[in-house]
Structures are given as structure tokens and as C-alpha cells.
Amino acid sequence: MSVATVPDLQVSRDRPSTAALLLALAAVTSVEFLENGLVLFGAGPIMAGAGVSAASFALVYAAYGAAAIFMLYKHQWVVERLGYRRFVSLSLLVFGLGSLVCATSPADGQVFQLGLGRVLQGVGGSTFFVAGRMLINELPPERRFHGLLTFVGALLGGTALAPLLAATLLGLGGWRALFWFGLVWAALVAWAARDCLPAQRSAPHERSQEHWAWLLIVLAGVCGLQWVIQQIPVQGARELPARWWAVALLSTVVLSLFAWRQWGRERPLINYRGLLQRRYLVGLAFYALGYFLAGAMGLLLPWMLHQELGLSLLATALWTSLGLFSSVCMALLHIFAARRWPRHQGYMLSGVVLQSLACLLLSQVQSAGPGPAWSGLALGLGTVLSGLALPLFIGPVAQGTFLELPQAVFSHGYQVKNIVRQLSLSFSVAVLTGLLHLLAEGRLADLVGGLRSLGAWLGTPVHQPAACVFLLLACAAAPLALAVWVQRVFR
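Terminal number for the sequence shown in numbering that gives the first Met the number 0: 490, no gaps in between.
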């Protein structure tokens with residue numbers, strides 16, 4: 000086995016049953032998506048309960064992202080030395096410890112303990128997505144399709160359940176219950192996944208090199224980039240001091256220099272040379288756009304429902320979960336349909352068109368709109384269509400991006416993809432939060448004037464910040480649709 004390969008998942012005589020493997024796959028995959036969904040939906044109650052400001056909470060969010068990205072860089076290095084079984088068990092322990100630290104944080108406005116807990120959750124939680132995907136290789140070949148269904152169902156199902164679960168936990172035990180649940184869930188997953196993950200480790204001469212000095216530099220670069228991204232909603236992109244733009248530029252240069260250094264290594268942490276393929280790079284670009292849209296919709300819909308329309312947390316959770324469960328159904332349907340009609344470009348275009356239509360409908364949902372009946376219909380249709388749209392776009396990208404990657408760099412491809420996912424989600428949440436605050440403060444007059452004119456032409460002038468952003472996203476779908484139409488990689 001070469002250094003860059005996914006550790007060979009050999010069949011052993013005491014191999015777990017297929018049912019046990021599928022249970023472990025679902026459990027491991029769900030951990031990060033479920034807990035992050037709880038924290039994102041409960042961000043307001045967490046800030047209010049812990050007494051932390053939006054700026055401090057942005058720092059906590061940035062710390063989680065930086066820790067997760069750093070561990071994604073080290074993922075293969077740790078797997079080679081511990082094996083997936085020990086690595087996932089240790090990650091669950093660290094994740095549970097982070098949940099405990101967060102749950103016991105003092106409600107005195109001090110962010111240190113809450114931030115430390117989220118860092119530990121980021122260190123532990125970054126493992127589970129890649130580990131869940133690699134666990135599919137443990138299944139018999141004829142069962143791997145079922146493994147893919149379980150994988151997609153677990154990650155999207157966990158995301159869909161998160162709003163309802165968050166509303167329930169907040170009602171039962173307040174903001175701390177969101178983190179106590181993370182501790183309990185990590186323990187249950189550790190029990191469910193016991194002895195199901197492969198324990199093989201790489202031989203010493205096959206392991207990637209440590210590069211600890213460079214990794215510390217990379218950590219500084221990741222922290223700098225995440226911190227600047229999270230300053231956008233706090234200060235606004237146009238008001239960021241020049242020193243922050245300098246930090247962003249320096250961080251980007253550091254990460255690029257690290258990639259260049261890894262390029263020439265015989266045993267790199269991430270084999271960038273093996274990933275330099277047209278299909279993979281185009282797929283990464285579409286992944287970034289897809290996760291940006293996912294982050295935007297995940298923020299905008301609850302914001303509009305709770306902050307602008309005044310719905311309760313439970314009602315907001317019900318509407319949000321409606322869209323997310325639509326995503327689960329469409330994702331599973333697409334997996335079946337793509338086996339018979341593998342037309343990636345057609346699915347992606349359908350997803351972009353549906354997303355644009357969903358945003359147009361959601362821009363009509365306003366407290367001072369044309370009437371409660373139309374607003375309710377627009378909200379229902381827009382929520383469902385948005386849920387259907389994202390899997391139609393991201394699903395074909397997921398299926399097509401890794402088709403031509405050699406097995407030797409498959410795990411590395413997933414590491415880089417997850418780094419892109421984390422950065423795209425962070426950037427999306429930061430930009431959209433900043434945009435909502437600027438619109439609420441009555442700034443960006445030219446943009447607001449143009450959007451209101453467009454809304455009036457469509458029949459419903461937009462006034463609320465979320466409606467303006469939804470309309471802006473609907474317009475932004477046009478260049479994305481054009482890019483999908485003209486590209487010739489995903490056909």
C-alpha cells in the first residue's frame with residue numbers, strides 16, 4: 000500500500016455484519032452534521048444564555064473552523080499511525096470532551112471556555128465525514144450502493160433533524176442542552192461503531208512525513224483566514240481595517256506556499272500532484288458554490304422566519320426541517336435516478352433553476368406582503384423547492400468529481416474537498432450575516448433601490464433584509480446556470 004492510499008480495508012475472519020457496518024456508517028457520519036446543525040440553529044439562544052456578543056461568537060465559530068481544517072490536513076497522517084478504529088474512537092472522545100466543556104461554560108460573557116470547547120469539537124468532529132465515506136469500502140461490493148444511501152441519508156438526515164431537535168432541547172434544558180446532547184450522542188456512536196472500523200495501520204516506511212514546523216505555520220494561516228472571514232459580519236467588508244486585508248492576503252500566501260512545498264515531497268500530507276486533474280478541480284469549484292448556497296439558505300430561512308416574521312422557535316424549526324427533509328428525499332431519489340440516467344449537467348441545471356425559483360418565491364414572504372394566503376403559499380413552495388434544488392446540484396458534483404481520481408489519492412481528495420466545504424460555509428455565513436446587518440441598518444442604498452425596483456416589476460416590492468437577499472440570490476443563479484451550461488466536464 001502506498002502512502003497516499005486509503006488504508007486497505009481487508010476482509011477479516013471476524014468481520015462485522017453488513018447491518019452492523021451500516022449502523023456504524025450512519026452513526027459516525029451523523030455526528031458533526033447533527034451537532035453543527037444544533038449550534039447553528041441555536042446560535043441566538045447560545046449567545047443570549049452565555050452572555051457573549053456577536054463578535055465573540057464569531058470568534059468561536061472561526062476557532063471551530065480553524066481546528067477542523069487543521070485536522071483535515073493531518074487526517075491521513077493520523078490514520079496511517081492509528082488506523083481508522085483508534086482514530087475515530089479518539090476523535091469521539093475529544094468531541095465528547097469538547098461538548099462537556101461547552102455545556103459547563105459559565106454564563107458570564109467570557110468566551111474562553113466556550114471557544115475551547117468548540118475547538119475540541121472541531122478537532123474531533125473533522126474526522127467523521129471522511130471516516131464515514133471510507134467505511135463504505137468495508138462493505139461487500141454488492142452492498143456499497145446501500146452504503147452510499149446510508150451515508151447520504153445520515154448526513155442529510157442529521158442536518159434535517161437538527162432544527163427540530165434544537166427547538167426541543169432548548170425548550171427542555173436551555174442552550175446548554177445543545178451541548179449535553181453532543182456528549183451523549185458521541186458516547187452512543189462510540190458504542191454503535193465499536194469493532195466496525197478497520198484497525199490496520201500503515202507500515203512505518205509508508206507513512207507520510209510529519210512537517211510539524213510547516214503545519215504550525217499553516218495553522219496560523221488558517222486561523223488568520225477564518226478570523227478575517229468572521230470579521231465581515233461584525234465590521235462589514237468595506238470597513239475592515241487595512242491590517243485585516245493584509246492578514247487575509249498573508250494567510251492565503253502561507254497556505255499556497257504550503258501546497259507548493261507539499262508538491263515536491265516524496266511522501267506528502269496531501270498529494271496535490273495526484274489531485275491536479277481537470278474534473279477534480281472543476282468539481283471543487285462547483286462544490287464551493289454549492290456549499291455557499293447551502294450555507295446561505297441555512298442562515299436566511301431561519302433568520303427570516305424568526306427574526307423578521309416573528310415565528311416561534313418551534314415553528315421556525317418545523318419550516319426549516321420541511322426544506323431539509325425535502326433535501327433528503329431528493330438526494331436519495333437522485334442516487335437511484337442517476338444510475339439509470341447519468342446526466343450530470345441536466346440535474347445540475349435543474350437544481351440551479353429550482354433554486355432561483357425558490358429564492359424568488361421566498362422574496363415574496365413578507366410581513367407587509369400582498370396577503371397571508373399568498374405569503375404562506377410562497378413560503379411553503381419556496382422552502383420545498385429550495386430543499387429539492389440543492390441535492391440536484393451538489394449530488395451530481397459529488398458523483399462526478401472523484402470519478403477519475405486514482406485510489407492512491409482518493410482519501411486526499413476528500414480531505415481537500417472538506418477543507419473547501421468548511422471555508423465555503425464559513426464564508427457564506429459571514430457574508431450573508433454582514434449583508435443582512437448592513438441592509439437592516441439602511442445602508443447599501445443603491446443595491447436596495449435596484450432590488451426594490453426589480454421586486455416591484457415582479458409584482459411584490461421587497462422591504463425586509465432577508466427578502467432583498469433572497470432576490471439577490473435569485474439573480475445570482477443566472478451566471479451559475481450559464482457556467483453549468485457551458486462547461487463540458489460534467490455531462
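Each residue gets a CB set at the ideal place from its N, CA and C atoms; glycine is no exception. Fair warning: this is a prediction, and the values are worked out from it, not measured in the lab.
Using CA coordinates, which residue listed in the options is at the minimum distance from residue i?
i, options, result
"Leu404", "Pro464, Gly282, Trp456, Ala47", "Gly282"
"Ala241", "Val253, Gly379, Ala258, Val227", "Val227"
"Val383", "Leu402, Gly399, Leu360, Gln398", "Leu360"
"Glu79", "Gln199, Leu134, Ser250", "Gln199"
"Glu307", "Leu218, Ala465, Gly399", "Ala465"
"Gln486", "Gln344, Leu182, Val408", "Gln344"
"Phe56", "Leu435, Ser374, Val428, Leu479", "Val428"
"Arg85", "Met296, Gly181, Asp194", "Asp194"
"Arg338", "Phe144, Cys222, Ala18", "Phe144"
Short of 8 Å in beta carbon distance, which residues of its chain neighbour residue i, apart from the five on each side in sequence? Order them along the chain.
i, result
"Met347", "Phe285, Leu391, Phe392, Pro395, Val396, Val483, Phe489"
"Val87", "Val27, Thr126, Phe127, Ala130, Ala192, Leu196"
"Trp213", "Phe257, Arg260"
"His74", "Ser125, Thr126, Val129, Ser410, Gln414"
Reducing DSSP to helix, strand and coil, say where residue i ends up.
i, result
"Phe257", "helix"
"Gln423", "The residue you asked about is not Gln; residue 423 is Ser in the sequence shown. The answer is helix: DSSP assigns Ser423 an H, G or I state."
"Cys195", "coil"
"Asp107", "coil"
"Ser362", "coil"
"Arg242", "helix"
"Ser311", "coil"
"Ala202", "coil"
"Arg403", "It should be noted that the sequence gives Glu, not Arg, for residue 403. Residue state, collapsed to three classes: coil."
"Gly41", "coil"
"Pro369", "Low confidence applies here, because Pro369 scores a pLDDT of 49, under 50, leaving its location unreliable and the question unanswered by this model."
"Phe144", "helix"
"Pro478", "helix"
"Ser326", "helix"
"Pro460", "coil"
"Gly50", "coil"
"Ser355", "helix"
"Glu79", "helix"
"Ser11", "A caution first: Ser11 carries a pLDDT of 44, below 50, which makes its placement in the model too unreliable to give a value."
"Ser125", "helix"
"Asn35", "helix"
"Ser137", "A small correction: the amino acid at residue 137 is Glu; Ser does not occupy that position in the sequence shown. Of the three classes helix, strand and coil, the one that applies to Glu137 here is helix, per DSSP."
Less than 7 Å between C-beta atoms, sequence neighbours within five positions excluded: which residues of the same chain meet that for residue i?
i, result
"Arg451", "Pro460, Val461"
"Gly108", "Gly50, Val51"
"Phe32", "Leu154, Gly157, Thr158"
"Leu431", "Ala295, Leu298, Leu299, Val468"
"Ala388", "Gly350, Leu353, Gln354, Ala357"
Residues in its own chain within less than 6 Å of residue i by CB, not counting five upstream and five downstream?
i, result
"Gly64", "Gln225, Gln421, Ser425"
"Asn151", "The sequence given here places Val at residue 151; Asn does not occur at that position. Within the same chain, Val151 has close Cβ partners Ala330."
"Ala159", "Ser320, Leu323, Phe324, Val327"
"Leu355", "Note on residue identity: the sequence assigns Ser, not Leu, to residue 355. If we look at Ser355 and ignore the five residues flanking it on each side, its Cβ neighbours are Ala473, Ala476."
"Leu304", "Leu310, Thr315, Trp318"
"Cys358", "Phe469, Leu472, Ala473"
"Ser423", "Ala287, Tyr290, Phe291"
"Leu37", "Ala161, Ala165, Leu177"
"Ser201", "Glu79"
"Leu435", "Pro464"
"Gly381", "Ala357, Leu360, Leu361"
Our contact map puts residue i next to residue j with C-beta atoms below 8 Å; I'd like the distance itself, whole angstroms only.
i, j, result
"Gly123", "Ser104", "No, Gly123 and Ser104 are not in contact; Cβ-Cβ is about 17 Å, not under 8 Å."
"Gly386", "Trp174", "Going by Cβ atoms, the distance from Gly386 to Trp174 rounds to 27 Å, so no, they are not a contact pair."
"Gln120", "Gly157", "With 8 Å as the limit, Gln120 and Gly157 do not qualify as a contact, their Cβ atoms being about 15 Å apart."
"Leu20", "Leu138", "6 Å"
"Leu24", "Ala153", "7 Å"
"Val408", "Asn270", "5 Å"
"Ile418", "Ile135", "The Cβ separation is near 21 Å, so there is no contact."
"Leu99", "Leu312", "The pair is not a contact, with the Cβ atoms about 25 Å apart (cut-off 8 Å)."
"Leu402", "Arg278", "7 Å"
Run the CB neighbour count on residue i, radius 10 Å, all protein chains shown included, and call it buried at 16 or more, exposed below.
i, result
"Pro369", "Interpretation of Pro369 is limited by its pLDDT of 49, a score under 50 that renders its predicted location unreliable; the figure taken from the coordinates is listed afterwards. Pro369 is exposed by the Cβ-count criterion."
"Ala47", "exposed"
"Trp190", "exposed"
"Gly220", "buried"
"Leu437", "buried"
"Ser255", "exposed"
"Ala293", "buried"
"Trp259", "exposed"
"Leu378", "buried"
"Trp262", "exposed"
"Leu215", "exposed"
"Leu275", "exposed"
"Arg132", "buried"
"Ala455", "exposed"
"Val188", "buried"
"Glu141", "exposed"
Could you check whether the Cβ of residue i sits closer than 8 Å to any Cβ belonging to chain B?
i, result
"Ser52", "Checking the listed chains, one finds no chain B in this structure; it contains a single protein chain."
Does the ligand GDP have a heavy atom nearer than 7 Å to the CB of residue i?
i, result
"Phe409", "Here there are no bound small molecules, and the ligand GDP is not part of this structure."
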